[in-house]
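Top to bottom, those sequences are chains A and B. Oh and the first sequence: position 43 is 38 in my numbering, straight run, nothing missing. Oh and the second sequence: position 203 is 1282 in my numbering, straight run, nothing missing.
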Amino acid sequence: MNLTEFEGKAILAACGIGVPEGRLAGSAAEAAAVAEALGGPVVVKAQVPAGRRGKAGGVRFAATPAEAAGHAVALLGTEIVGHTVRRVLVERRLEIRREIYAAVTVDPGARAPVVLVSAAGGIEVEAQAGDMRRLQVDILDELSDAAAGALVAGLEGGASLAGLLVRLYAAWRRHDAELLEVNPLALLSDGSLVAADCKLVIDDAALERQGLMARAASETTDLEREAAALGLNFHQLDGNVGVLANGAGLTMATLDMVRHAGGAPANFLEIGGDAYTRAKEALALLLRLPGLRAVLVNFCGAYARTDVMAAGVAEVWRALAPVVPVFFSVHGTGEDEALALLRQRLGVAPFDLAEDAARAAVEAAAR
Amino acid sequence: MILRGSDRVVVWGMTGRQGSFWTERMIGCGTRVVGGVQPARAGMVHLGLPVRGDAADAGGFEVALLFVPPAAVRAAALDAIGGGARLVVVLAEFVPVQDMLVVLATARRRGARVVGANTAGLVTPGEGFAGIMPAFNPRVFRPGRIGVVSRSGSLGTLACLNLVRAGYGQSAFIGIGGDAVPGTTSREALQALEADPRTQAVVLLGEIGGALEQDAAGFVRDMRKPVVAFIAGAAAPPGRRMGHAGAIIDGVGETHEAKRIALEEAGAVVVATPADLPAALERRGIPT
């Protein structure tokens, strides 16, 4: 889960990393008051849990409180990189001598934490990838001052930068982060280092022990929000063939079969893992997709029992009596019971090959 | 990471509902399950097997199979590795990534291997299985010469079903799991199958997201055995996590297209849909 800049900076500050003076504002009047209290030039920054905010116009400079209020009016309530701006962060504008890039993340190849640092930070940092220094950290140890010092040897900011990286790694570790990125890390004219921005992504699998509540992604539709509340992994797509399958891999492959047959899937909806018992709720939700012309059910049970899933589907189908046709392919654990049940209750015979069921669904949707 | 009938398996969480269900099936398939570990149930006998408090009491074993919830994986895996496990299979989904990094670093130090997290496990038809795959279903698994590597249990099941329907059997199924940072990579699974004398050809089931397939392609280039692959997610939009933690297109190299090209350039055949897997093996001259 992405935290907002303000949330991330609160964590940095608690870990002993310098952040600019500033406060959140939810209105123009509040923004002006914060700017007034800070005195001098400020930055007004839209607080959305996503990157590339600067390039989208979400960061604006103001010389006076009145100007800060104007920027707050322009930003609040608008959408930036897919998120509605509900608050802005008003901060003292920094006199930056150099923009540094510093981050800690997981190197999936090495299967270990990696610390990244570059003397050429800022919004074009991706273009400067060649200047990036990398240090793989043994997660069974802490990042040592000596190792951090060797990493930044010769860089402006020197010893204080090494110390900051040690604290940044500790923060990454303590907060179950996937990514903790400070870009730019501002080197000020007095030699101090201040985190001018912060991107902190907390591991979704660790939200509970971090005491955090999952935040719904901004792009979610009403159906997607309902699905999330039911604990189902659901994405609304723009096709007309509804897809219900078990397991992420099989569900993806089933969408591919629809496309391979010349059709367009209406959704991704996974009921794998323990969610396989939720086929009923999942199907009821799927049937409300706008523009749905056919439904494809592809079960391949390993852990998931196809008889349990088929019973759920049959129950919903009989209760809601949808007008769209449904096409099945059912294999694996509980297959014989599932086939008998579908034949008895719905009077349908599943296709042997999932691809044939997909083709039939695509043809039906085109009619 | 190819499970053998001689491997002694200890099941963490064996007395739970799922642990019991699958342990019974593993035993039915000939797997050499020698006991369970469940601290709260230490001393009891379950399914005719002893339940112990930790790995140190579990006696000699090679494989630790973890039927524990995600928050308990780290402690169970470290216990298993400390107790001498050669191979730790982690079934749970949603294990915090930093927990897995600690487990993997510890395993590296001790010379142990981890498969998963979020894997459906390992199957060697005719010898046994460790995990949640329908190894007991003869329509899905039968002894043969095709090695199967999969990030997904459900898609792996479908592919194995297609193979058996066409007359092929499997030498081994290696589920590497759907996490973004897997204990065993596609490449490592291919290396094991290339070295396995009973494997004649390999079916690789990949997904969008991450760099596992590109990494595997670097080894496919050097393989003597033919590789036939299917990459799920051609129809998936970028930026949306498709169920598996690893299945999200964040960068150009993570798309279906990029992975297909990498594998094809390395000499693999990439099929458009799972039903085409057997025909592709046949065209490579692999007898059923």
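Beta carbons are placed, not taken as given, at the ideal position from N, Cα and C, and that holds for glycine. As the structure is a prediction and not an experimental result, all values here were calculated from the model.
query: Is the distance from the Cβ of GLY1232 (chain B) to the Cβ of ALA297 (chain A) below 9 Å?
result: yes
task: Could you tell me how far apart the beta carbons of ASP140 (chain A) and ALA166 (chain A) are, in whole angstroms, since I believe they sit closer than 8 Å?
output: Not quite, the Cβ-Cβ distance comes to about 16 Å (not below 8 Å), so this is no contact.
- request: Ignore the nearest five residues each way along the sequence and tell me which others in THR216 (chain A)'s own chain have a CB closer than 6 Å to its CB.
  value: GLN231
query: Quick one, which residues of the stretch 1280 to 1294 of chain B are near chain A if we go by CB-CB under 8 Å, in chain order?
result: LEU1284, GLU1286, ILE1287, GLY1289, ALA1290, ASP1294
C-beta neighbour in chain A for MET1093 (chain B), strict 9 Å: no
message: Under DSSP, the alpha helix (DSSP H) around SER1265 (chain B) begins and ends at which residues?
response: 1265 to 1274
Rounded straight-line distance, which links the Cα of ALA309 (chain A) to that of GLY1098 (chain B): 29 Å
- request: Express the C-alpha separation of LEU84 (chain A) and ALA58 (chain A) in angstroms, rounding to a whole number.
  value: 15 Å
- prompt: Going along the chain, which residues of the stretch 1206 to 1234 of chain B sit with their C-beta nearer than 8 Å to a C-beta in chain A?
  reply: ILE1211, MET1212, PRO1213, ASN1216, ARG1218, VAL1219, SER1229, ARG1230, SER1231, GLY1232, SER1233, LEU1234
message: Taking the alpha helix (DSSP H) that SER1233 (chain B) belongs to, which residues open and close that run?
response: 1232 to 1244
query: By how many angstroms is the C-alpha of GLU265 (chain A) removed from the C-alpha of ALA277 (chain A)?
result: 9 Å
Coil, strand or helix - THR216 (chain A) by DSSP: coil
- prompt: Quick one: is VAL110 (chain A) near chain B, going by C-beta distance under 9 Å?
  reply: no
query: Name the DSSP bridge partner or partners of GLU74 (chain A)?
result: A:THR79
message: Contact criterion: CB-CB distance below 9 Å. Does ALA305 (chain A) meet it with respect to chain B?
response: no
- prompt: Which bits of chain A does VAL1176 (chain B) rub up against, with CB to CB less than 9 Å?
  reply: VAL101, ASP171, GLU173, ASP198, ALA200, ALA201
query: Taking 9 Å as the CB-CB limit, is MET127 (chain A) close to chain B?
result: no
task: Could you name the residues of the stretch 1314 to 1337 of chain B whose beta carbon sits closer than 9 Å to any beta carbon of chain A, in the order they occur along the chain?
output: ALA1314, ALA1315, PRO1316, GLY1318, ARG1319, ARG1320, MET1321, GLY1322, HIS1323, ALA1324, GLY1325, ALA1326, HIS1335
- request: Could you give the DSSP three-state label for LEU264 (chain A): helix, strand or coil?
  value: strand
- prompt: What whole-angstrom Cβ distance do TYR1247 (chain B) and GLY1223 (chain B) have, given they're in contact under 8 Å?
  reply: 5 Å
message: What would DSSP say about LEU336 (chain A), mapped onto helix, strand or coil?
response: helix
message: In the DSSP output, which residue or residues are listed as bridge partners for ARG93 (chain A)?
response: A:LEU182
query: Between B:ALA1143, B:GLY1288, B:LEU1242, which lies nearest to GLY1316 (chain B) when the distance is taken from Cα to Cα?
result: Looking at the sequence shown, residue 1316 (chain B) is not Gly but Pro. It is B:GLY1288 whose Cα lies nearest to the Cα of PRO1316 (chain B).
query: Whose C-beta lies closer than 8 Å to the C-beta of GLU1103 (chain B) among residues of the same chain, with five residues either side of it excluded?
result: LEU1126
task: Any chance you could list the beta strand (DSSP E) runs of at least 3 consecutive residues sitting entirely within the stretch 1155 to 1204 of chain B, in chain order?
output: 1166 to 1169, 1192 to 1194, 1200 to 1203
query: Using the rule of at least 16 other Cβ atoms within 10 Å of the residue's Cβ for burial, across every protein chain shown, is ARG288 (chain A) buried or exposed?
result: buried
query: In the stretch 1236 to 1263 of chain B, which residues sit with their C-beta less than 7 Å from some C-beta in chain A, listed in chain order?
result: THR1236, LEU1237, LEU1240, GLY1257, ALA1259, VAL1260
- request: Under 8 Å between beta-carbons, which chain A residues line up against LEU1180 (chain B)? List them in chain order, please.
  value: VAL101, ARG106, ALA107, PRO108, ILE134
query: From which residue to which residue does the alpha helix (DSSP H) around GLU276 (chain A) run?
result: 274 to 281
task: With PRO108 (chain A) as the anchor, note down where its beta strand (DSSP E) starts and where it stops.
output: 107 to 113
task: Name, please, each residue of chain B whose Cβ falls closer than 9 Å to the Cβ of HIS255 (chain A).
output: ALA1313, ALA1314, ALA1351, THR1352
query: Where PHE1252 (chain B) and VAL1202 (chain B) are concerned, what is the direct C-alpha to C-alpha distance, given to the nearest angstrom?
result: 5 Å
query: Closer than 9 Å, CB to CB, is GLN1097 (chain B) near chain A or not?
result: yes
task: Note down, in chain order, every chain A residue with its Cβ under 7 Å from the Cβ of PRO1276 (chain B).
output: Result: empty, since nearest Cβ-Cβ is about 27 Å, beyond 7 Å.
field: Enclosing alpha helix (DSSP H) for LYS40 (chain A) [first to last residue]
entry: No alpha helix (DSSP H) contains LYS40 (chain A), which is instead part of the beta strand (DSSP E) from 37 to 41.
field: Under 8 Å (Cβ pairs) to chain B, residues found in the stretch 229 to 255 of chain A
entry: HIS230, LEU232, ALA240, ASN241, GLY242, ALA243, GLY244, LEU245, THR246, MET247, ALA248, LEU250, ASP251, MET252, VAL253, ARG254, HIS255
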